[in-house]
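In what follows, a single structure is set out as structure tokens and then discussed.
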Amino acid sequence: DPSGIEVIDDLLYVADTGNDRILKLTIEGVAMGQITGSEGDLAEAVDVAVDSRNRVYALDQKSKIVIVFNSNGMPAARIGAPVGDGPSLDSPGGIAVDKYGCLYVADTGNGKLKKYDATGALVSSAGSKGTGPGQFLEPVSIAIDRSNRPVVLDAEKNTLQIFTTERGALKELTEASPL
């Protein structure tokens with residue numbers, strides 16, 4: 449059950465949800481390997497992203513975290529897990545990594561877009577549940593445009609919203625565009 453894909457150069461990374469793995473393939477479809485995590489920590493990979501250092505980010509919807517794997521396929525970090533009474537992800541739907549190594553998560557259940565720095569620290573959050581500007585009903589997918597801005601797809605509102613970061617904070621750049 450593949451559900452997410454990332455293309456970097458001539459390599460494809462596929463979140464293979466039903467088989468609890470990330471597949472790495474050539475553009476021609478030749479298998480180059482897979483990432484399964486260790487001790488079953490990759491339970492339901494629904495999306496994948498890769499940064500400029502070839503670290504693979506796997507969005508595990510069952511565990512509600514993003515697992516970062518180093519270039520050798522070994523788990524290196526967990527992002528989005530609650531710290532103390534801190535916020536956690538709720539049914540995260542999609543991820544993307546920008547050119548600076550910042551991770552963006554469509555936190556579907558919380559109706560938010562979350563930005564984490566390259567160390568995995570939460571640096572900004574935008575949105576809330578609702579139908580107004582900067583609000584989400586079901587943010588499910590993210591892409592980074594050529595200006596390094598996150599573009600968020602809201603499946604329930606049938607809209608795209610573009611955000612920018614000013615002094616680290618996420619701000620809605622344009623009103624939601626209907627699909």
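Read in order, the letters of the sequence shown are residues 449 to 627 in the numbering used here. Backbone N, C-alpha and C fix where the C-beta goes; we use that ideal spot for every residue, glycine too. Small disclaimer: the values here were computed from a predicted structure and weren't measured.
query	result
Does the pairing of the stretch 500 to 511 with the stretch 536 to 546 give three or more beta-carbon distances under 8 Å?	yes
Who does Ser589 pair with in a DSSP beta bridge?	Leu601
Could you pull out every residue in the same chain whose Cβ sits closer than 8 Å to the Cβ of Leu490, ignoring the five residues on either side in sequence?	Asp468, Arg469, Ile470, Ile483, Thr484, Ala506, Asp508, Ile515
With 16 other CB atoms within 10 Å as the buried threshold, where does Ile527 fall?	buried
State buried or exposed for Ala544, treating a residue as buried only when at least 16 other CB atoms are found within 10 Å of its CB.	buried
Could you give the distance in angstroms between the alpha-carbon of Asp449 and the alpha-carbon of Asp464?	6 Å
Compute the Euclidean distance between the alpha carbons of Ile513 and Phe611, then round it to the nearest angstrom.	22 Å
Could you check what DSSP says for Gly481 in three-state terms: helix, strand or coil?	strand
State buried or exposed for Ala574, treating a residue as buried only when at least 16 other CB atoms are found within 10 Å of its CB.	buried
Less than 8 Å between the CB atoms is what I'm expecting for Leu618 and Ser572, so what's the real figure, rounded?	5 Å
Compute the Euclidean distance between the alpha carbons of Val455 and Gly578, then round it to the nearest angstrom.	32 Å
I need the straight-line Cα distance from Asn518 to Gly481, nearest angstrom please.	14 Å
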